[in-house]
Ligand SMILES: Cc1ncc(C[n+]2csc(CCOP(=O)(O)OP(=O)(O)O)c2C)c(N)n1
Ligand SMILES: Cc1ncc(C[n+]2csc(CCOP(=O)(O)OP(=O)(O)O)c2C)c(N)n1
Ligand SMILES: [Mg+2]
Ligand SMILES: [Mg+2]
């Protein structure tokens, strides 16, 4: 008996890995670079190969399939190899370059913000820059202030960069494929906690794109709109589940792209529900959450029954100590409190 | 005959220069470092000294007064010497370090965001970090995409950093002195256009502080609140002057500090005028303007007669060509259009 | 005479001479435009013409060059159209970059000029990636990056040299040591005996070249290009040269350097020494030299006319080219 | 016997031995805590004890040390309290950093430990500024920065070596070359014959040291500290060492290196070779060694008890220490 709804479950890690494998098979211009993306570099002759596979094992197995020419371990020189990604993207390759954690952006930010982001504009459009940067982010794993930031907000600030934040294995695969095929530089932000969560979502085997710049409605609702970004979509959805038990119907928007941002989907929802809670793990000041709050206030002012509310961490670095870090994070409880606030 | 209102006019450049001189005289721990802050380094014996004085001549004359030990030209190694500023600040000095233009932040961002911003927090408060970074910013001088950014928004994003944006010689001197005396890292953003504008404001000769974290009301008004930041305060005030001719009474808030931000002054004003236009030269996404718009929407929702409006450049890099750059900039006309929009 | 005594064919000698002269005339004209207020903050390459000319003489259109804030000479040496370049300086729609980049960002991907760059040291890793691209795509293209003595103190150089070293990339690092970064003398800013010496720490062949001699630059550049094309890895060239003008036109260089030093370098001017060489070796006669000079001047006059008469970009251009599809 | 044959006084020898043993016991215990899930992602320094111990033997409390993600050994060698350190690992309010920093950020300014640092290469410029500070304030304090072979490929090292070189700063660059950055072998990632060779490009005295020998580290560290204190500028030390465990505890090192290599280094273990030295030279008798070992273990047991029994920070600590005055 054939079930029409058979689901193919992959973990977030497997989904990214599959996307990379499929795109590398499809297009010889796709290469992967980063620290320990393969592991044990240069020791193939000793039978040592693929001994690491990236910090999250996202790139495991690629070197055995595609060889050391296209899957390159790099020295710890982010400005060097991300800059190299820019040059390679400008001259015929489609590099996927890994910045291990987004907190390290500061050692290579110039390559991203001054070269990748601006080259097309500065050159009068006479260049395409199909570069994908993938990076890990997120708190909750006790790795303290320099390894736990979220930071998509600062990349969103820069014109010329696209930013995508998958929220589960399905969107991870689709957005990774779209990022690779996109002719502009795209940063893909992988939340580390999502890698540990088993999500019961169907991930088609064939390659598919998820459109950059489009949000999706993860859960429909009438009373309030919750906007989540990556991991906080998961939090918002959990909150929505609990709220449903209390008879509150929350719509959950999964933002997925921070730049370009799908303003219509947000506005259309808020115009219906007339209330919005934005859930964002990034620092609160000058954040994507601020942007969405401002967007809604400016463009849906007459529809709002209550002021927008943001659920961000406080304006502090990420603390190490577990109880403090737990307080730091957005949680379903905090979302529910915010919903109660806007429900009046 | 003594005039009680005698004004002492200084240019913006002279005001910063005087602040530096006075603080260096007061406290031997204050040192200045940066590219060509003196000029012709190492040629004192050939009679060559102080041949440059910084890109804007802000540091002119300091080396002759305080010597090459405390006024140091640096190689072009921003990560190196701004990181050195962090280390020096942690161990007894009060360095003022110049990042020539904020667009170059990307080569040294790690030192600012991971070390300067986080050390106090990560170390459990057992350190102070009296580091001042001063940097040039702003479009309008035909220097294209990599030399014309504003970017205070991304530093505002990071907890642990303070940000101040003077709007005229008076605030420039006071904020520079406050920044130097502050025990936290402070970034002072100097808009290049303000250096060319002669402002008829009194700059007291004696050293004085302007409090970090405080905005000021530059012009009182009842009909609408305009918020400006540095150079855009000047633009907003010009617009307010023109609006007054049309019988519209605009209050102008000079933000001055982006972090901490003086939320009270903004909210108090908007609660009175019930309308707000935010004028900001930084990129629009995840900007200080977004933050203020969100703040007002969230905290003064019930007072607002119209949605907040932001006047930012479009979501593009800064173009080189003059007519395009002119279109890019916030102008009094654009502010007036925005005011007409909120006035309905 | 197809080939001269030193083994360089006549066409190449002529091309090198002519290109240096065009650069000089172009830069004189751009300075006039700047002085007239038609552009701001342009960095003159006068005095440094020989460096890119000698190296680029070995390059094909599909090889790549990457530059700095001071790159007009790199662009012309790589074969860019000076009409479009002058139009770019004036921010016109007919410019190499449609007027959106300006003096510090001139680029023309079809000619293999991957851009001047306003951030000191920023293009060095990019050039390394261009070399990587050639290697992965299996071509014999070469990537050349020019940068200043000041840029040699940026960490990006170190990272890029290491990458090019371990991956044996076809990258040529050409440091134009013109002795100053703005007003900062190289002997103050650079620890160690030379910039070239640093390359040794990366196992890279390195050489100090007389950047005032286009013939020497040609020879050394040729070796480096041959090495890169053959897949034998990167080369570091420290070209000792001099910028005759101030850093960006508004500064007085005598505030930080001496007349003697200026005289020393101007006496070894790359163009006048080349004229002597061409005459002494009967490559060209005086009237042929004059004809080349006159033609160069005429080309620059024409470029200026073209630029002046070209329109500015229309307003819509403000928001195009941000992304492939935006506005 | 006040001074041994090699000119190191007995107290110093004892201090060095004892400190290495405490580090080893501390690291064994922190691994147990990590395996028990009480902390995450800690980078063990087992095998590398001799490097900071030999160098820090020459330092005063008012000298400075800066470290990396793998810095427990630096902290202990610089005299930090292991009770507070263990409490920090467990995120307790009694920790060196009140529990807010954790394993990668241990600092104690009073002891001159200016912090471990989680960003590879990030502390190298900071250390340079510490040296600058000493120089400007006119003290003879010394700044020592430890970093890995992987960190040697960050541009910050290049920039910092140049700054320390031109300003003759009292900075000691100690590269702990443990042959791997995560799984990446140093011979793959580093172009050129050695890391130490790079310092030559900056005119800096540099030396390759046997990082498994605390006596050699002591000798070489002593020269470097003396040079720095005397105002004679920076020194670069490449200490060849080995980490016995995986990069952060969860990886299997034999996936990327060989048993033979591990055996080679473990046979030259810094602690066991020191034991042999102390016994052979009659510095200590077997029972004295055992007493030191037992005391070290007891200290670590006590540190663990202290840490376990200490309270977590209270909730308000989340928002303190962001600024001098915030919340
Ligand atoms: C990262 C960065 N820092 C500082 C500057 C400002 N700046 C522009 S050119 C220049 C001097 C460059 O010197 P050098 O590399 O020797 O090149 P040259 O001007 O001599 O050609 C400086 C400091 C910049 N553009 N980018
Ligand atoms: C800038 C930066 N890039 C990458 C990392 C991730 N990372 C942490 S430790 C490490 C390896 C460091 O190797 P090495 O410098 O040799 O030190 P070791 O771990 O061997 O002590 C890497 C890549 C980081 N923390 N910071
Ligand atoms: Mg120079
Ligand atoms: Mg290592």
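Residue numbers (my numbering), protein chains in the order written: chain A, 1 to 344; chain B, 345 to 688; chain C, 689 to 1015; chain D, 1016 to 1342. Each residue gets a CB set at the ideal place from its N, CA and C atoms; glycine is no exception.
Residue span of the beta strand (DSSP E) that contains residue i, given as start and end
i                     : result
residue 928 (chain C) : 923-928
residue 506 (chain B) : 506-508
residue 416 (chain B) : 415-417
residue 225 (chain A) : 224-228
beta-carbon residue i near ligand 5 non-hydrogen atom, thresh 8 Å
i                     : result
residue 866 (chain C) : For ligand 5, the structure offers nothing, since it holds only ligand 1, ligand 2, ligand 3 and ligand 4.
Same chain only: Cβ atoms within 6 Å of residue i, ignoring 5 sequence neighbours per side
i                     : result
residue 88 (chain A)  : 95
residue 706 (chain C) : 980
Residue-chain proximity (residue i, chain D), Cβ-Cβ < 9 Å
i                     : result
residue 147 (chain A) : yes
residue 255 (chain A) : no
residue 2 (chain A)   : A caution first: residue 2 (chain A) carries a pLDDT of 44, below 50, which makes its placement in the model too unreliable to give a value.
Cβ neighbours of residue i in the same chain (closer than 8 Å, five flanking residues each side left out)
i                     : result
residue 388 (chain B) : 412
Residues bridged to residue i (per DSSP)
i                     : result
residue 480 (chain B) : B:445 and B:534
residue 708 (chain C) : BP columns for residue 708 (chain C) are empty, so no partner.
residue 472 (chain B) : Note: residue 472 (chain B) sits in no beta bridge, so no partner.
residue 219 (chain A) : A:252
residue 967 (chain D) : Residue 967 (chain D) lies beyond the residue range present for chain D, which begins at 1016 and ends at 1342; the question has no answer from this structure.
residue 579 (chain B) : None; residue 579 (chain B) has no bridge partner.
residue 439 (chain B) : B:375
residue 754 (chain C) : C:833
residue 410 (chain B) : Paired residue(s): none; residue 410 (chain B) is not in a bridge.
Proximity test, Cβ basis, 9 Å: residue i and chain B
i                      : result
residue 878 (chain C)  : yes
residue 285 (chain A)  : yes
residue 1058 (chain D) : no
residue 1324 (chain D) : no
residue 237 (chain A)  : no
residue 60 (chain A)   : no
Residue i: first and last residue of the uninterrupted alpha helix (DSSP H) it sits in
i                      : result
residue 823 (chain C)  : 811-825
residue 1308 (chain D) : 1301-1324
residue 90 (chain A)   : 78-90
residue 368 (chain B)  : 356-370
residue 776 (chain C)  : 770-777
Cβ neighbours of residue i in the same chain (closer than 7 Å, five flanking residues each side left out)
i                     : result
residue 347 (chain B) : For residue 347 (chain B), the predicted structure reports a pLDDT of 48, less than 50, and the residue's modelled location is therefore unreliable. A value from the coordinates is still provided. There are no such residues.
residue 337 (chain A) : none
residue 242 (chain A) : 332 and 336
residue 963 (chain C) : 977
Neighbour flag for residue i against chain C, beta carbons, 9 Å
i                      : result
residue 1181 (chain D) : yes
residue 93 (chain A)   : yes
residue 152 (chain A)  : no
residue 442 (chain B)  : no
residue 417 (chain B)  : yes
Residue i: contacting residues in chain G (beta-carbon distance under 9 Å)
i                      : result
residue 1328 (chain D) : The chain inventory of the structure shown lacks chain G, comprising the protein chains A, B, C and D.
Any chain A beta carbon closer than 9 Å to residue i
i                      : result
residue 1046 (chain D) : no
Give the residues from the segment 1264-1279 of chain D that approach chain A closer than 8 Å (Cβ to any Cβ), ordered along the chain.
1266, 1270, 1271, 1272 and 1273
Please list the residues of the segment 618-648 of chain B that have a C-beta atom closer than 7 Å to any C-beta atom in chain A, keeping them in chain order.
627, 629, 630, 631, 632, 634, 635, 637, 638, 641, 642 and 645
Can you give me, in chain order, the residues of the segment 1130-1142 of chain D that have a beta carbon less than 9 Å from any beta carbon in chain A?
1132, 1133, 1134, 1135, 1136 and 1137
May I ask you to list, following chain order, the residues of the segment 1226-1238 of chain D that have a beta carbon less than 9 Å from some beta carbon of chain B?
none
Listed from N- to C-terminal order along the chain, which residues in the segment 25-40 of chain A have their beta-carbon within a distance smaller than 7 Å of any beta-carbon of chain C?
31
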